[in-house]
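This note's numbering puts the sequence shown at residues 297 to 583.
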Amino acid sequence: MTLKRSIILTLLISSAFVFAQDFQGKAYYMSKTNPDLDSWGGQQMSEAQKKQIMERMRSMFEKTYILTFDKVSSIFKEEEVLEAPGQRGFGMWGNSFSAGPQYKNVKTQQFIQDQEFFGRQFLITDSLQKLDWKLGTETKQIGQYLCMKATATKTVDEFDWRSMRRRDRNNQDKATKTDSTKTTSVSDEIEVPKTIEITAWYTLQIPVNQGPGEYWGLPGLILEVNADRTTILCSKITMNPQQKIEIEAPEKGKVISRTDYNATVKKKMEEMREMYRGRGGRGRGRN
297 MTLKRSIILT
307 LLISSAFVFA
317 QDFQGKAYYM
327 SKTNPDLDSW
337 GGQQMSEAQK
347 KQIMERMRSM
357 FEKTYILTFD
367 KVSSIFKEEE
377 VLEAPGQRGF
387 GMWGNSFSAG
397 PQYKNVKTQQ
407 FIQDQEFFGR
417 QFLITDSLQK
427 LDWKLGTETK
437 QIGQYLCMKA
447 TATKTVDEFD
457 WRSMRRRDRN
467 NQDKATKTDS
477 TKTTSVSDEI
487 EVPKTIEITA
497 WYTLQIPVNQ
507 GPGEYWGLPG
517 LILEVNADRT
527 TILCSKITMN
537 PQQKIEIEAP
547 EKGKVISRTD
557 YNATVKKKME
567 EMREMYRGRG
577 GRGRGRN
């Protein structure tokens, strides 16, 4: 038996003992997204200008979260921090999305996202999105935890801003020439890939099927996720904290499915687009 297999077997035996106990834990994560500024006109910017933009938008691209978990459920929420002066998101549109706690229950397969959108509170209720994880043999150390590698292909939600990018300008210019009366808005320039590749690192030392955000389904707690331009990395874990926290699903807000919520967002986008066109001179050419 190789040393690596021996270590993994030892971890499985010890984790089985831990899993038999009634336990709770808190994992702290740092999430960082590196946007492609070049596709948004950044090619004409100096490195100093790019750095200044990233600094002003750090509160959107760099966030800290806390995952509170037990054997079957978890709550993942952003750690409250005081925003520095001058930091901002993508204007009014970007600031109109305010994500609250995410609840996952691997036993009931329930996922609930507390979401604020343009002043309205929603509870997006869905079943957990299952990923077809491919378990690898690579290992690496994250803090005091030995982690195993897993990969998967993930379907991207059409309003996941972390994977948003600018549409191909050549195709966009062709479309504009075809319809010279068309007025474009910010939403016309944005696209989201249908799928992205995910790499996750999980530890058998904490045998729960939990992880940050929507990620779950591995035989140990997920400590790191690399998804498109976003990296989520665990910085600290506290097992069985003295102050127990009841892991309960969010209850305030209009219960809505993911499909219906996306339809609500689309409708609002259309309203904003019409308003944008109106300001640009709606009604030109009419008698």
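Backbone N, C-alpha and C define an ideal beta-carbon position, used for all residues, glycine too.
Collapsing the DSSP output to three states places Asp524 in coil. For Glu358, the CB contacts under 6 angstroms within the same chain, skipping 5 residues up- and downstream, are Lys328 in chain order. By the criterion of a C-beta distance shorter than 8 angstroms, Ile502 is surrounded in its chain by Ser311, Val314, Gly321, Tyr441, Gly516, Leu517, Ile533 and Met535, once the five residues flanking it on both sides are discounted. For Asp453, there is no enclosing beta strand (DSSP E), since its DSSP letter is neither H nor E. In this structure, Leu514 keeps its C-beta atom at 8 angstroms or more from the C-beta atom of Cys530.
Judged by beta-carbon spacing, Ile543 lies beyond the 8 angstroms limit of Phe418, meaning their Cβ atoms are not closer than that value.
With the rule of 3 Cβ pairs closer than 8 angstroms, the region 556–572 does not count as touching the region 363–378.
Around the CB of Ala323, 16 or more other CB atoms lie within 10 Å, so the residue is classed as buried. Between Pro397 and Lys373 the beta-carbon gap is near 4 angstroms, inside 8 angstroms, which marks them as a contact. Looking from the CA of Tyr399, the closest CA among Gln506, Glu493 and Tyr325 belongs to Gln506. Contact between Thr449 and Glu493 is confirmed by a C-beta separation of about 6 angstroms, below the 8 angstroms threshold. For Phe418, the enclosing beta strand (DSSP E) starts and ends at Arg416 to Ser423. Non-local C-beta neighbours of Gly432 in its own chain, meaning closer than 8 angstroms and more than five positions away in sequence, comprise Met444, Lys445, Ala446 and Thr447, ordered along the chain.
Taking the CA atoms as reference points, Lys403 sits about 33 angstroms from Phe414. DSSP places Tyr325 in the uninterrupted beta strand (DSSP E) bounded by Gly321 to Thr329. The beta carbons of Arg554 and Asp410 sit no closer together than 8 angstroms.
Distance from the CA atom of Val521 to the CA atom of Ala496, rounded to whole angstroms, is 4 angstroms. Asp556 sits in a helix when the DSSP states are folded into three classes.
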